[in-house]
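Peer 1: The structure is given below, and queries will be raised subsequently.
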Amino acid sequence: MSKLLKKPATLSKHFTHRKTVGSISEYVLTKNGLRVLYKHIPGTGVVTTNITYLVGARDEQPGETGVAHMLEHMLFKPTKQDLKKKLDAGATRFEREVGAVLNANTWKDRTTYYFSYGVEHFSRVVGIEADRMREVVLADKEFLPERTNVLSEFDMYNGDPQFALSVAMTATAFYSHPYGHETIGFREDIAAYTTDKLQRFYNHFYRPNNAVLMVLGDIELAPALEEIFAHFGEIAPEPAVELRPVIIEPAQEGIRRIEIVRPGTTNVLAIGMKHPGFPSSGWYETMIVLKLLVDGPDSILQKKLIDTGLAATISVSQEPTKDENIATIFITLTKKTTAEKMESLVRKLVAELTMDFIQKHLKTIVTKTVSEEIFNRDSSLDIAAELTEYVAAGDWSQYFETEKILRSITGKQVKQRSQALIAPNALTIGNYKSI
Amino acid sequence: MHIKTTTHEHYALSEITKPYAATVTLHITADCYSENSPARTALLLLYPDLVLSGSGLYSREEFQHKLDELGSSITISESEGRISITMAALAEKLKPTLQLLEILLTKPTFKASEQKRATQTLKNSLELFKENARGIALSALRNSLFSNESRHFDVPPADVEKALTGLSTLQLKQIHAEFMNAYWTISVGGNEASLMVVLSALKKLKTASVLTLIDKEIVLGTEKTSRQVLLHEVKSKQNIELSIGGHMPLTFTDSDLPAFLFGLAVLGKWGGFAGRLMSTVREKEGLTYTIYARADGITTSEVGYWRILTFFAPKDVVQGVTSTLREIESIVDKGITKSEFERFKTILKTGETLVFDSLNNTTALVHTNLVYGLQWEQYKAFRQAFQTVTQKEINAALRKYLNPQALVISAAGPIATVQKDLSAFARKK
C-alpha cells in the first residue's frame, strides 16, 4: 500500500519536490511547471523515459478529429535544429544509431512518447524530448506522406469489424462529450488535415506545464534532474493550457443503435455500456462485471454462448479513460442465431446475474487481477505504460491504490453495477452485418 | 539476473534467476510434430483446449476456479507441432499452483462432452479464418515454399474442419501420452528459492522420455526459379495484406546465418523505424503504416523462410510492391553501406540489452532459443557473431539467399480491381 516518505536529500535547486508515494517521487521544474516522476530501478543498465502530454482525442474540435494522433506522428519528423544540420529527426535518428525501443501512442485523454535504452544515452534522449516539445517543423514535405500513412493506419483498423463498430458506437453514445470519436479520428477529417491545423494544436498543448516526464530505471536522481533542467529549463509554459473545459454529457434516454453493412461473412453484435471513469471504484466494478461475463471457462457468456456454439468469439473492451465512457462486449455470431436473439439473451443473462454467482467469483477475480498487476509491473517499460494511464486520469499516486480499491468492492456493488450497465439509458447496441 | 542452461536425460533446462523476484514463470515445450495430415493437425489444435477441460476430480470450470483463487495461470498452446505449457504464479502461491499443474498433466479426463464442445469451438474459429487476410497471405506463402512434409506447411482450414468429425478420445489421449513422453524443454524464471521448488516438482513429474518424434532429417523448402504471385480475395477488408518472401536453406548451425539475418535487419528490422523499408516505403513515399522483414522457422536442425510483412491500400498496392521489390533489388545489388554496417552492429546489441529489463521477457527469450536447440552460451555466441561478421560476408549472404527474381508475392484482401496488375509482377524484371 502507499507510503508517504520524506523529501529525498538529493534535490536539484531547480525542482520542487511535490510528493513521494511508494517508490515513486514527483518533482516540478519550478520555472515552467514540467512535472517529473522518478523511480529508481538499480542494476538493470536500462532506463525508460516517457513523456505524457495531457492532450488527446477529447481536446479536438469537430472537423479536426484525430489531429492529436496526427501530431504524434509528426513528432518523429525533424526539428528546426535537425533541418539546420541537415539531419533526420532526433528520435528516429537515435533509433537508427542505437536501436532503442521507442514509440508513441495517443488516446482519449493523453499523448505519450517513450524510449527504453541503455542508461548511457539518458542525456541524448532527454535532449530529443525537449527539442521536439516546441521545435518540430510542420511542413508539407514531411506532413503529406505521413498523412497518407495515417490513412493507411486507419484502413488497417477499419478492416476489423470491431473497430468499425467502435467508431459508429462512440459517435452514437456521446452527443456532447468529446469521447464521441475514436482517437484516430474520422477518415474524412484525416484526409482534410493541414499543417495549420496541426500547428495551432502543437503551439497550445505541447508545453512543459502540460506534460509529465517519467524517468524509471537505473539512474540516480540528482544527475537525472540536472539533465532534465539543462534541456527543458528554458522552455516557456503556456498559462491557458490547463483550462480543459468540463463537458457534461446529456442524459441518455433509452437504447441507442447503429448498424454497419459490408460484404463478407462475419456478423458481430456489440453491446456498449456506459461506465464511470478510471480509476474510480465504478470503473473497477465494471471490470469485474465484464470478467464475470467473459473471462475464462466459468464465465457466463463463455458457457452460454461459446460452449453452446451460438458465438464464435467473445471479447471485451474497457478503456481507462478519465471520464465516463463505454465498455463494449463484442460477440461474433455463428449461423445458429441472429443479432436480435443474441442481444436479448445477453441482456437477460446479465439481468439474472445472481448474488451467489457474484460472491463465488468476486474474491478470485480480485486475487487474479492483483496478481496480474504484479506481473504487469515486470520492467521499466511496463511500469511506465501503466503509470501513464493514472497520469492521464489526473492522479498518478492512484497507481498504488489498485489493490485497495479492488478489495473494498462488495458483491452488492457488483450486482448494482451490472444492472446499471444494461439499463437502457446506458446501452448502445451495434450490429455488424455481412452480405 | 543469472542465466544457466543444462541438458538432462529427459529434458533440457534453463534457469533464469533474479534475486527477490515476486513472480515465477515456467515454460514447458515438447516437440510432438510427426506429420502434417489434416487429422493430426486437428488433434493438435484440439489438444490444448481439452487438456484444460477437466483434471482429476475437477471439471473444466472447477480447475480454472482453483487457479483463479491463487491468482495463477496455466495456458497451453500449439505451434507447428510444438506443444507449450506456460505457468505463471506469484512466488508465494507457487507450491499449490505446481500441485494443480501436476494434476493437469497426470490426470486429464478428456471427457467426450468436452471434446464435443471444443470441436464446435474450433470449427467456429476455422470459419473466422476466412476473413483473416493477413493469416491467409502468410499461409499461402508458407505453402508455396514447403511441401506438406514440412512443419511449416499449413493444412487448409477446410481440410482440418472435415477431419474433426472422425477424431476419437483415444487419439487425444495418445497426443497427451506423446507430450508426456517426449523430450521436454523447460525454462523457469524467478528467485532462487522458487526455482528450487519448481525443479524439485518437475523432477518427480518428468521421469520418462521414451518417444523421439522429431525427424532430424532436414525437410528443405522449394527453391523458386521465378517469381510467383498468389492472390486471395477477402472482400470485407480495406487494405491488401502481403507476405513477400522466399525459402531460406539455413539452420542455426550454418555460418551464413548471422550474415543473412544482419542483412535482413538492415532491409526491414522488425519493429520501429530503423529498417530501409520503413525509411523509404513508409516515411519517404507514405505508402503503408508498417513494413518489416524477418526470418521464421529456423532451428539448429530445420530450415525456414524469410518474409516481408506489410499492407497497402488497393490504390497504392502496385506502387507499394514496386517500391518493396526495388529495395530488395537494391540491397542485393549494392549491398549494405558501411554506415549501415556500423549502425546495425550497435542496434542489434542494444536490442539484446533491453530484454534483460524484464524477467518474463528474458525467460521467454531463453526458452525460445532452447526450443530451437540453442543453449544459452550458444545463443550468446550466435549473437556475438553479429559483432564479428564482416560487411562483405553480409552482402555475399544477401546475394546468395535473397533473390528478387525468385520470390513469392502473396496477397489477400480486396484484390478484384488490381488482380491483373498484381499478377503482372510474376513476369516483371
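The listed protein sequences derive, respectively, from chains A and B. Each number in the numbering used here corresponds to the 1-based position in the first sequence with 689 added. Each number in the numbering used here corresponds to the 1-based position in the second sequence with 267 added. Positions of the beta carbon are idealized from the N, C-alpha and C atoms, including for glycine.
1) In chain order, which continuous runs of the alpha helix (DSSP H) of length 4 or greater are located wholly inside the segment 598-631 of chain B?
2) What are the boundary residues of the alpha helix (DSSP H) that Arg650(B) is part of?
3) Can you pull the chain B residues whose beta carbon is under 7 Å from the beta carbon of Leu887(A), in chain order?
4) May I ask which residues mark the beginning and end of the alpha helix (DSSP H) holding Phe579(B)?
5) Suppose the cutoff is 6 Å on Cβ atoms and the five residues either side in sequence are ignored; what does the same chain contact list for Ser1086(A) look like?
6) When the Cα atoms are used, what is the spatial distance from Leu393(B) to Ala404(B)?
7) By Cβ distance, which residues of its chain are closer than 6 Å to Glu927(A), with the 5 residues on each side in sequence left out?
8) Considering Ser340(B), what are the terminal residues of the beta strand (DSSP E) in which it resides?
9) Can you list, in chain order, the residues of its chain whose CB lies under 6 Å from that of Tyr278(B), leaving out five sequence neighbours each side?
10) Where does Gly922(A) fall in DSSP's three states?
11) Roughly how many angstroms separate the alpha carbons of Ser417(B) and Gly564(B), rounded to a whole number?
12) If we ignore side chains and look at the alpha-carbon of each, how far apart do Ser340(B) and Val957(A) end up?
13) When the cut-off is 8 Å and only beta carbons count, does Val826(A) lie next to chain B?
14) Between the segment 730-746 of chain A and the segment 1068-1075 of chain A, do at least 3 Cβ pairs fall closer than 8 Å?
15) Report yes if the CB atom of Leu699(B) is closer than 8 Å to the CB atom of Asp583(B), and no otherwise.
16) Considering just the uninterrupted stretch of the alpha helix (DSSP H) at Gln1102(A), what are its terminal residues?
17) Taking the alpha-carbon of Pro375(B) as reference, which of Asp600(B), Ala400(B), Thr308(B) and His443(B) has the nearest alpha-carbon?
18) Starting from the Cα of Lys266(B), find the closest Cα among Ala460(B), Gln654(B) and Ala648(B) and give me that residue.
19) Relative to chain B, which residues along the segment 837-863 of chain A have a C-beta separation below 7 Å, given in chain order?
20) Quick check on this structure: which residue in Thr705(A), Ala789(A) and Phe765(A) has the alpha carbon closest to the alpha carbon of Ala778(A)?
21) For Gln505(B), count neighbouring C-beta atoms within 10 Å of its own C-beta (all shown protein chains included) and say buried if the count is 16 or more, exposed if not.
22) Taking the alpha carbon of Met976(A) as the reference point, which residue from Ile924(A), Pro867(A), Glu753(A) and Ala1016(A) has its own alpha carbon closest?
23) Using a Cβ cut-off of 7 Å, pull out every chain B residue sitting near Pro767(A), in sequence order please.
24) Within the chosen definition, does the segment 897-910 of chain A reach the segment 298-308 of chain B through at least 3 CB pairs nearer than 8 Å?
25) Taking 8 Å as the CB-CB cut-off, is Lys470(B) touching chain A?
26) Given Lys536(B), which residues of its chain have a CB within under 6 Å of its CB, disregarding the five upstream and five downstream residues?
27) Mind listing which residues of the segment 505-519 of chain B have their C-beta closer than 8 Å to chain A's C-betas, in chain order?
28) Any contact of the segment 780-795 of chain A with the segment 721-731 of chain A, i.e. 3+ C-beta pairs under 8 Å?
29) On the CB-based measure, 16 or more other CB atoms within 10 Å of its CB, does Gln991(A) come out buried or exposed?
30) Excluding the 5 residues preceding and the 5 following Leu368(B) in the sequence, name in chain order all residues of the same chain whose CB lies nearer than 7 Å to its CB.
31) Hey, does Arg1106(A) have any beta-carbon neighbour from chain B nearer than 8 Å?
32) I want to see whether chain B comes within less than 8 Å of Ser1129(A), judged by CB atoms only; does it?
33) On the criterion of 16 or more Cβ atoms from any shown chain inside 10 Å, does His920(A) qualify as buried, or is it exposed?
34) Using a Cβ-Cβ cutoff of 8 Å, what residues of the segment 1065-1087 of chain A are near chain B? List them in chain order.
35) Just grab the DSSP bridge partners of His866(A) for me.
36) For Pro1136(A), count the other beta carbons within 10 Å of its own beta carbon; 16 or more makes it buried, fewer makes it exposed. Which is it?
Peer 2: On the basis of the data shown:
1) For the segment 598-631 of chain B, whole alpha helix (DSSP H) runs of length 4 or above, ordered along the chain, are 605-622.
2) Reading the second sequence from its first residue, position 383 is the one you call residue 650(B). Per DSSP, Arg650(B) belongs to the alpha helix (DSSP H) from Trp643 to Thr655.
3) As a first step, residue 887(A) must be located in the first sequence, where it is residue number 198. By Cβ distance, chain B contributes nothing, its closest Cβ being about 16 Å from Leu887(A), past 7 Å.
4) On the second sequence, position 312 is the one that residue 579(B) refers to. Where Phe579(B) is concerned, there is no enclosing alpha helix (DSSP H), although the beta strand (DSSP E) it sits in stretches over Gly571 to Phe579.
5) As a first step, residue 1086(A) must be located in the first sequence, where it is residue number 397. Val710, listed in sequence order.
6) Sequence index remark: in the second sequence, residue 393(B) carries index 126 (1-based). Sequence index remark: in the second sequence, residue 404(B) carries index 137 (1-based). Put simply, the backbone Cα of Leu393(B) is about 15 Å away from that of Ala404(B).
7) Residue mapping note: residue 927(A) aligns to position 238 of the first sequence, counting from 1. Taken in chain order, the residues that qualify are Arg896.
8) In the second sequence, residue 340(B) corresponds to position 73, counting from 1. Per DSSP, Ser340(B) belongs to the beta strand (DSSP E) from Ser340 to Ser346.
9) In the second sequence, counting from the first residue as 1, residue 278(B) sits at position 11. The residues are Trp451, Ile453 and Lys473.
10) Position 233 of the first sequence, counting from 1, holds the residue named residue 922(A). Coil.
11) Your numbering for residue 417(B) matches position 150 in the second sequence. Your numbering for residue 564(B) matches position 297 in the second sequence. Whole-angstrom Cα-Cα distance: 10 Å.
12) For the purposes of this step, residue 340(B) is taken as residue 73 along the second sequence, with counting starting at 1. For the purposes of this step, residue 957(A) is taken as residue 268 along the first sequence, with counting starting at 1. Straight-line Cα distance between these residues: approximately 29 Å.
13) Mapped onto the first sequence, residue 826(A) falls at position 137. Output row for Val826(A): interface = no.
14) With a cut-off of 8 Å, the segment 1068-1075 of chain A and the segment 730-746 of chain A count as touching, because enough Cβ pairs lie within range.
15) The structure shown has nothing for residue 699(B), since chain B only spans 268 to 696.
16) Working through the first sequence from its first residue, we reach residue 1102(A) at position 413. Unbroken alpha helix (DSSP H) run through Gln1102(A): Gly1100 to Leu1110.
17) Here the question's residue 375(B) lines up with position 108 in the second sequence. Residue His443(B) is the option with its Cα nearest to Pro375(B).
18) Residue 266(B) lies beyond the stretch modelled for chain B, which goes from 268 to 696, so this question has no answer here.
19) For the segment 837-863 of chain A, which is checked against every Cβ of chain B, the residues closer than 7 Å are Thr837, Asn838, Ser841, Glu842, Asp844, Met845, Asn847 and Gly848.
20) In the first sequence, residue 778(A) corresponds to position 89, counting from 1. Of the candidates Thr705(A), Ala789(A) and Phe765(A), the one whose C-alpha sits nearest the C-alpha of Ala778(A) is Phe765(A).
21) Mapped onto the second sequence, residue 505(B) falls at position 238. Burial call: buried.
22) As a position in the first sequence, residue 976(A) is number 287, starting the count at 1. Comparing Cα positions, the closest option is Ala1016(A).
23) Within the first sequence, numbered from 1, the residue matching residue 767(A) stands at position 78. By Cβ distance, chain B contributes nothing, its closest Cβ being about 11 Å from Pro767(A), past 7 Å.
24) The segment 897-910 of chain A and the segment 298-308 of chain B do not touch, with fewer than 3 CB-CB distances between them shorter than 8 Å.
25) For the purposes of this step, residue 470(B) is taken as the residue at position 203 of the second sequence. Residue contact with chain A for Lys470(B): absent (no Cβ-Cβ distance below 8 Å to any residue of chain A).
26) Sequence index remark: in the second sequence, residue 536(B) carries index 269 (1-based). Within the same chain, Lys536(B) has close Cβ partners Gly542.
27) Within the segment 505-519 of chain B, the residues whose Cβ lies closer than 8 Å to some Cβ of chain A are Gln505 and Asn506, listed in chain order.
28) No: fewer than three Cβ pairs fall under 8 Å.
29) Walking along the first sequence from the start, residue 991(A) turns up at place 302. Around the CB of Gln991(A), 16 or more other CB atoms lie within 10 Å, so the residue is classed as buried.
30) The residue you call residue 368(B) lines up with position 101 of the second sequence. These residues qualify, in order along the chain: Ile341 and Met354.
31) Within the first sequence, residue 1106(A) is the residue found at index 417, counting from 1. It does not; no Cβ of chain B falls within 8 Å.
32) As shown, chain A starts at 690 and ends at 1124. That puts residue 1129(A) outside it, with no answer to give.
33) Stepping through the first sequence from its first residue, residue 920(A) is reached at position 231. Burial call: buried.
34) Answer set for the segment 1065-1087 of chain A: Asp1067, Ser1068, Ser1069, Leu1070 and Asp1071.
35) As a first step, residue 866(A) is located in the first sequence; it is residue number 177 there, counting from the start. Answer is none; His866(A) lacks a bridge partner.
36) Past the edges of chain A, shown from 690 to 1124, lies residue 1136(A), and the structure says nothing about it.
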